[in-house]
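Since the structure comes first, as structure tokens, the remarks are kept for the end.
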Amino acid sequence: MTAQALVKDINKLVSLPEICTKLDQLMDSPHNSIQAMAKLICQDVNLSARLLKLANSSLYGFSGRVDSIPRAISIIGTTELMILIMATSTMMTFKEIPTQFFNMAGFWRHSVYCGVFAKRVAVLCNILHPDRLFIAGLLHDIGLLAICSKYPDMANQIFKKLGTTEAASNKRIYEVEQELFGYDHAEVGRELAIKWHLPDYLQDAIYYHHHLEEADKPVLDAAVIHIASEATHAIETGAIENFNEEINDMVWPLTGLNKETIDEIHDEALPELEEMLSILLPSAAQ
Ligand SMILES: [Fe+2]
Ligand SMILES: [Fe+2]
14 MTAQALVKDI NKLVSLPEIC TKLDQLMDSP HNSIQAMAKL ICQDVNLSAR LLKLANSSLY
74 GFSGRVDSIP RAISIIGTTE LMILIMATST MMTFKEIPTQ FFNMAGFWRH SVYCGVFAKR
134 VAVLCNILHP DRLFIAGLLH DIGLLAICSK YPDMANQIFK KLGTTEAASN KRIYEVEQEL
194 FGYDHAEVGR ELAIKWHLPD YLQDAIYYHH HLEEADKPVL DAAVIHIASE ATHAIETGAI
254 ENFNEEINDM VWPLTGLNKE TIDEIHDEAL PELEEMLSIL LPSAAQ
């Protein structure tokens, strides 16, 4: 099965929550306004509470001053808000899926930390609207989640092979996926992003985070996500001292950063991880 066929299948099984569809329709209509969006969002008490917490989190730097949904929307931005709602809803959609080899809370910790780290890297690179890199981090491995939740047999093969080869040859999960199926979770993730009409920058960040050398254009967002994902992986595997060795050298000229600058981000990013987890996915917070 190709990555496209796999995603086509998944799309039949996983539909986005109604609020996403309604917001999508509203954004395309002439009645699109912050007030109209706020009215729609306020119908969902849970979502409204999460958005207010998010707008007041250190990610946006308005601590305690955002007290209404219209203000939260104007701070987060309508497109970003839409994607954030989609991402958090996706977390809920996939949350309950039982897997014997896959730790869902661990997966979201990885994604949220990657997002927090990516935003901090984006600020260092002077990327415009660095908050959107948080969202890219949140969704960068969505293809893996899709495979694990809908194709347990494929996932079983991946983790079995990873278990036998990782220690011996230090193979990474995307390499094992490529060997087994001819494509990896980055490709599946991009297909999913296309299906869900996510913006081009997200499609590219998701795909190129494991395919930097294939890009025929500057892929700065993907370079940032690559750095953030490797940094997160290093924390998880306890290899934090030499995590730089796993980073593709192509990212340095793209971002204008160096290994030493990246080292300093961890100290600031860890407390923010717990804050974001408690807002987005309380069950995965410590
Ligand atoms: Fe990945
Ligand atoms: Fe990752």
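In my numbering, each residue's number is its place in the sequence shown (first place is 1) plus 13. For every residue, glycine included, the Cβ atom is placed at its ideal position computed from N, Cα and C.
Comparing alpha-carbon positions, which option in the options lies nearest residue i?
i	options	result
Glu226	Ile292, Tyr196 and Val264	Val264
Leu19	Asp217, Asp166 and Phe256	Asp166
Gln48	Tyr214, Ala85, Glu188 and Lys132	Ala85
Cys127	His224, Ala51, Val237 and Ser71	Val237
Gly202	Lys35, Gly156, Ser291 and Val58	Gly156
Ile89	Tyr221, Leu64 and Met104	Leu64
Asn59	Tyr73, Thr101, Asp22 and Thr268	Thr101
Leu193	Leu267, Ala206, Leu175 and Ser291	Leu175
Trp121	Leu94, Asp154, Arg145 and Val136	Asp154
Glu93	Arg133, Phe75, Arg145 and Val79	Arg145
Leu97	Cys55, Gly150 and Cys138	Gly150
Glu249	Gly77, Leu39 and Ser124	Ser124
Lys52	Asp276, Leu233 and Leu36	Leu36
Glu31	Gln17, Met95 and Asp22	Met95
Tyr73	Thr34, Ser46 and Lys132	Lys132
Phe130	Glu277, Ala252, Leu67 and Ser42	Glu277
Ala235	Ser42, Ile148 and Glu190	Ile148
Cys138	Met289, Glu287, Leu267 and Leu152	Leu267
His239	Val134, Phe75 and Leu290	Val134
Here's the rule: buried if 16 or more other CB atoms are within 10 angstroms of the residue's CB, otherwise exposed. What is residue i?
i	result
Met14	exposed
Glu243	buried
Leu141	exposed
Ser81	exposed
Ser162	buried
Lys173	exposed
Arg78	exposed
Ala206	buried
Glu258	exposed
Asp262	exposed
Asp217	buried
Is any heavy atom in ligand 1 found nearer than 6 angstroms to the beta carbon of residue i?
i	result
Asp234	no
Using a Cβ-based criterion (distance less than 6 angstroms to any ligand heavy atom), does residue i qualify as near ligand 2?
i	result
Ser242	yes
Asp154	yes
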